[in-house]
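Have a look at the structure below before the remarks.
Number of protein chains: 2
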Amino acid sequence: MATVHEVARIAGVSAATVSRFLNGTAKVSIEKRQAIESVIERLNYKPNVLARNLKTGSSRTIGVLTQSLVSGYFADAMAGIDDALQGSGYAPLIVSGHWHADEEAERIELLIARRVDGLVILSGKLKDAQILKLSQRVPIVAFGRTLDGPQAYGFSLDNYRGACEAVEYLIGQGHRQIAFIAGPADHLDAQARLAGYRDTLRKHKIKASAQLIVEGDFSESGGLQAVERLLASGQRFSAIFAANDLTAYGARLALYRRGVKVPEEISVIGFDDLHSSMYTTPPLTTVRQPLFDVGRCLGQAIVRMIGQEPLALDLPQLSLVVRESVQRVA
Amino acid sequence: MATVHEVARIAGVSAATVSRFLNGTAKVSIEKRQAIESVIERLNYKPNVLARNLKTGSSRTIGVLTQSLVSGYFADAMAGIDDALQGSGYAPLIVSGHWHADEEAERIELLIARRVDGLVILSGKLKDAQILKLSQRVPIVAFGRTLDGPQAYGFSLDNYRGACEAVEYLIGQGHRQIAFIAGPADHLDAQARLAGYRDTLRKHKIKASAQLIVEGDFSESGGLQAVERLLASGQRFSAIFAANDLTAYGARLALYRRGVKVPEEISVIGFDDLHSSMYTTPPLTTVRQPLFDVGRCLGQAIVRMIGQEPLALDLPQLSLVVRESVQRVA
DNA sequence: TTGAAAGCGATACCAG
DNA sequence: CTGGTATCGCTTTCAA
Chain C
3 MATVHEVARI AGVSAATVSR FLNGTAKVSI EKRQAIESVI ERLNYKPNVL
53 ARNLKTGSSR TIGVLTQSLV SGYFADAMAG IDDALQGSGY APLIVSGHWH
103 ADEEAERIEL LIARRVDGLV ILSGKLKDAQ ILKLSQRVPI VAFGRTLDGP
153 QAYGFSLDNY RGACEAVEYL IGQGHRQIAF IAGPADHLDA QARLAGYRDT
203 LRKHKIKASA QLIVEGDFSE SGGLQAVERL LASGQRFSAI FAANDLTAYG
253 ARLALYRRGV KVPEEISVIG FDDLHSSMYT TPPLTTVRQP LFDVGRCLGQ
303 AIVRMIGQEP LALDLPQLSL VVRESVQRVA
Chain V
3 MATVHEVARI AGVSAATVSR FLNGTAKVSI EKRQAIESVI ERLNYKPNVL
53 ARNLKTGSSR TIGVLTQSLV SGYFADAMAG IDDALQGSGY APLIVSGHWH
103 ADEEAERIEL LIARRVDGLV ILSGKLKDAQ ILKLSQRVPI VAFGRTLDGP
153 QAYGFSLDNY RGACEAVEYL IGQGHRQIAF IAGPADHLDA QARLAGYRDT
203 LRKHKIKASA QLIVEGDFSE SGGLQAVERL LASGQRFSAI FAANDLTAYG
253 ARLALYRRGV KVPEEISVIG FDDLHSSMYT TPPLTTVRQP LFDVGRCLGQ
303 AIVRMIGQEP LALDLPQLSL VVRESVQRVA
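Line by line, the protein sequences give chains C and V. Quick note, the first sequence lines up with residues 3 to 332 if you use our numbering. Quick note, the second sequence lines up with residues 3 to 332 if you use our numbering.
Next up, the structure:
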C-alpha cells in the first residue's frame, strides 16, 4: 500500500503538499495539484485512516447506543441516524445496552475507548446525571429524555399528548369503557402514556376504574396476558388502549383466541406505529412515532454538536394514524 | 490523557515493559507488574486504540454489510453477529447496501478504507466473483451464497428443502390446490423456494398450474396484491404458500379484506419465522430460518478466519414450525 | 526480563 | 505556496 511519502516522491513534491491537497487545508499550485492527482490515480492511493485518526485524535465515528438490535422501534431510529450520517464522514458504531444500566455504561466505555467523536443514546436506563457526566468526555445526543448541557442534548416526543389524542379519539368514537394496558412502570414513556390516558378520561368526566388498567411490559406476550386477565376479571369495556403496538398485537391475539371480534366487539388502539401495524388484521389504529425522523434529527444533531454548530433542529411530532381497529359505538 | 510513557515513567519502567504487560506479549517480573498495575489504576490509564491501530495495522473492527437496517430478518442476523463478536475484541461496523450492487460495492470500499479486519456480507446483489476478488484484500464471510476460498467462506440455508417441507406439510394436511406467491425472480432464495414448491407438487403427481403461481416481491404489499390477483383470476385453491413471512402478512390481509377466513377457508404458510409471526391472527405456520444462529456462525467464522483458525462451524438448519394458519382439509 | 530506539502514516507548525 | 520536521501513542525488534 502506498503512502503519502511515495506519492509525494513520485509527484516530485513534499508529503506536506500531498496532505494539503488531500484535505484542502491550503492552496496548492495547479501544476502540483495535477501531478499529485495523476500519481494518486496511478497508484490507486488511499490515505490510511488509521494514521490520520491517530494524528487528528478523532476516529470519525459516532457511537450509537441502542437497547435492542431486533426491535423494529429502534431499528427505525438507527436507519434514520444512518441516513443522517451518510456523507458526513462519520460512521456509526452500534452497540446494544439491552435495557440494562450496567451494560449500557460498559458499552459506552467501550465506545469511548474506541475514541468515538460523539455518542447517540437511544432511551435506556442510565440516569440523566450519568449522561451529563459522560458528556464531559464526549458530546452526547439522547432520545427519550430531556437534556441540556454544553455537550449534551436530549429530547423526547410528547408521549403524554399522544396518549391524550388516542383516548380523545376513542371517546370521540363513542367509547366510554376504555381499558389500558400499561408499559413498564419505570419507563418514562410508559408513565407519560398512562398519565395521558388518566387525564383524558378525567377531562371527560369518565371515571378511570382501576380495574381497567392492567400491567403490561411493552411486549406481545405482556399484552396477551393482560387481556386474559382483563377478560377473566369480568370487567366490561369496549376498547383497549395498548401502551405500544407490540402490546396491541398480543392483545389482539388474546381477543382472537377468545373469539372476540376486533373492532366489531372490541376496539384496539396502539402506540408507535411499527411497520407491521399496517398489515395486522385489522390494520392497527395507533399513535405514530416518526422514529426514522427522530433518528435523522439525532444524527444531524450529533454532527452539528461535534462541529460546534448550532443544532437548529425541528423536532418531529407524534400523530394519530387512523386505520381499522377502532369502531364507532353507540 | 495519560500515555504509556507517563505510566512507564511513574512506575519506573520503560514504555516497552508497560506495553508488554498490557498485551501479555512477554513475561514481566512480578514487582514491575504490580508497580505498573497500580499506576494504571491511579491514573485511570486507558491505552489509545487509535495509536495501537496504526501500529498494528488493524482496527479490531468487523465490517457488516446488511441489506436493510429495518428488516426483522436481517436484524436477527445482526444480533447474532453482535453476540458472537461480544468479548472477541472486535466491534461491528454496520452498513446497508439496500439490495443494490453499486451501493454495496461502495459501502464495502468505505469499510475497507476504514481498515476493517474482516467482512461479513448478508445476502445482496454482488456477484460471487466480485466477492472472491474482494477477499484478496480482506477476509470475507457471507450468508446467502456458497463460497469457498482462501479468505472467503459463504453458506446458505437449504431453502429448497425448506420449501419442500412446507409443501409436504400442506399436502399432508390434505391440500391439493396450493397457490404460491413467489419472491423476486433474481433472488437465489426465492428461486430455491419456488423450485421446492414445484418439485414437491410434481413428486406427488399434482400438476402445478401456472395460474397458481403469482409474483410477489418479499414485501407485505406484494403479498397483498398477489392474493388480489389470485382471487380475481377465479382460480380455486385451498392453501397459499407465501415465499416469505412478510408476503404471508400481506396475503393474510388481502384475505381478511375479502372476508375469507384463515385457516377455515384458506390455509396460509410462510417462510422465515419472523418474531411477529408468532402473534399474527392466526399465528403463522412457517418455515423457520434461525437467523440469530446464522449470525452467530458468521461472527464466529470471521473471527476464526482472521485468526487463521479452522472455521469448524456447525451450520443451523431450517425447520417447520406449525402454528395455526393451516387447517386440514378433507 | 528489560530498555532504547525505530517506526506505523498521516498532519501541522514553522520557516522560507 | 512549499518543504522540512516534529509528533500523535503505541508496538516491536535488537541488544544487553
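Backbone N, C-alpha and C define an ideal beta-carbon position, used for all residues, glycine too. It should be emphasised that the depicted structure is a prediction, and the values quoted were computed from it without experimental measurement.
* To do: Give me the Cα-Cα distance between V:V289 and V:N161, rounded to the nearest whole angstrom.
  => 9 Å
* Return the residues of the stretch 269 to 295 of chain V that lie within a Cβ-Cβ distance of less than 9 Å from chain C, sorted by chain order. => L276, H277, S278, M280, Y281, T282, T283, P284, P285 and F294
* Asked: What distance in whole Å lies between the Cβ atoms of V:R116 and V:L67, which are believed to be in contact at a cut-off of 8 Å?
  -> With a Cβ gap of about 13 Å, V:L67 and V:R116 do not count as contacting.
* To do: Select from the stretch 40 to 52 of chain V all residues with a C-beta closer than 9 Å to any C-beta belonging to chain C, and list them in chain order.
  => K48, P49, N50, V51 and L52
* To do: To the nearest angstrom, report how far apart V:I38 and C:S60 are at their CA atoms.
  => In a straight line, the C-alpha of V:I38 is about 27 Å away from that of C:S60.
* Asked: Counting only beta-carbon atoms, is V:D119 nearer than 8 Å to chain C?
  -> no
* Could you give the DSSP three-state label for V:S269: helix, strand or coil? => V:S269 falls in the strand class under three-state DSSP.
* Asked: Under a CB-based cut-off of 8 Å, is V:G99 close to chain C?
  -> no
* Short Cβ contact (8 Å threshold) for V:F243 with V:Q179 -> no
* Asked: DSSP on V:E347, reduced to helix/strand/coil?
  -> Any answer about residue 347 of chain V is impossible in this case: the structure gives chain V only from 3 up to 332.
* To do: Pull up the DSSP beta-bridge partners for C:I183, would you.
  => C:V216 and C:A244
* Three-state class that DSSP yields for C:L320 in the structure shown -> coil
* Grab me the residues of V:G272's own chain with a C-beta within less than 6 Å of its C-beta, minus the 5 sequence neighbours each way, in chain order. => Within the same chain, and ignoring the five residues on either side of V:G272 in sequence, the residues whose Cβ sits closer than 6 Å to its Cβ are A244, D247, A250, L286 and T288.
* **Cutoff 8 Å; reference V:L172; Cβ partners in own chain excluding five residues on either side** => Answer for V:L172: I180, A241, F243, S269, I271 and V328, listed in chain order.
* Asked: Using DSSP with H/G/I as helix, E/B as strand and the rest coil, what is V:R290?
  -> strand
* Identify, in the order they occur along the chain, each residue of the same chain with its Cβ nearer than 7 Å to the Cβ of V:Y199, setting aside the five sequence neighbours on each side. => Residues A165, V169, F182 and F243 of the same chain have their beta carbon placed closer than 7 Å to that of V:Y199, with the five preceding and five following residues left out of the count.
* Please say whether V:T19 and V:D34 have beta carbons closer to each other than 8 Å? => The amino acid at residue 34 of chain V is misidentified as Asp; the sequence shows Lys. Yes. Within cutoff.
* Inspect the beta-carbon positions of C:M307 and C:V143 and report whether they are closer than 8 Å. => yes
* Asked: At what residues does the alpha helix (DSSP H) containing V:I38 begin and finish?
  -> Per DSSP, V:I38 belongs to the alpha helix (DSSP H) from I32 to L45.
* Asked: Residues of chain C with CB under 7 Å from V:S61, in chain order?
  -> L52
* Asked: DSSP three-state call for C:G252: helix, strand or coil?
  -> helix
* Helix, strand or coil for C:Q5, going by three-state DSSP, please let me know. => It is worth fixing the name first, because residue 5 of chain C is Thr in this sequence and not Gln. Coil.
* Would DSSP call V:L67 helix, strand or coil? -> strand
* Can you list the residues of chain V that C:A37 reaches, using a CB-CB cut of under 7 Å? -> Per Cβ cutoff of 7 Å: no residues; C:A37 is ~23 Å from chain V at best.
* Asked: From C:F145, C:L315, C:E222 and C:G74, pick the residue whose C-alpha is nearest to that of C:L257; which is it?
  -> C:E222
* So what does V:Y155 bridge to, in DSSP terms? -> V:V143 and V:D150
* Asked: What distance in whole Å lies between the Cβ atoms of C:E106 and C:G120, which are believed to be in contact at a cut-off of 8 Å?
  -> Incorrect: roughly 16 Å between the Cβ atoms, too far for contact.
* Asked: Going along chain C, which residues have a C-beta under 7 Å from V:R116?
  -> The contacting residues are V51 and A93.
* May I ask which residues mark the beginning and end of the beta strand (DSSP E) holding V:D93? => In the sequence as displayed, the identity of residue 93 of chain V is Ala instead of Asp. That run of the beta strand (DSSP E) goes A93 to S98.
* For the beta strand (DSSP E) holding C:G120, just list the boundary residues, first then last. => G120 to L124
* Whose Cβ in chain V lies nearer than 8 Å to the Cβ of C:N161? -> Chain V residues near C:N161: none, gap ~22 Å exceeds 8 Å.
* Asked: Taking 8 Å as the CB-CB limit, is V:L87 close to chain C?
  -> Not closer than 8 Å to any Cβ of chain C, the Cβ of V:L87 fails to qualify, so no.
* **CA nearest to the CA of C:A93, picked from C:I83, C:G99, C:R195 and C:W101** => C:I83
* Asked: Does V:L246 get closer than 8 Å to chain C when you measure Cβ to Cβ?
  -> Before going on, a small fix: residue 246 of chain V reads as Asn here, not Leu. Not one chain C Cβ lies under 8 Å of V:N246.
* Asked: Residues in its own chain within less than 7 Å of V:E167 by CB, not counting five upstream and five downstream?
  -> V289 and L322
* Asked: In chain order, what residues of the same chain lie with their CB nearer than 8 Å to the CB of V:L134, ignoring the 5 residues before and after it?
  -> L149, G151 and A154
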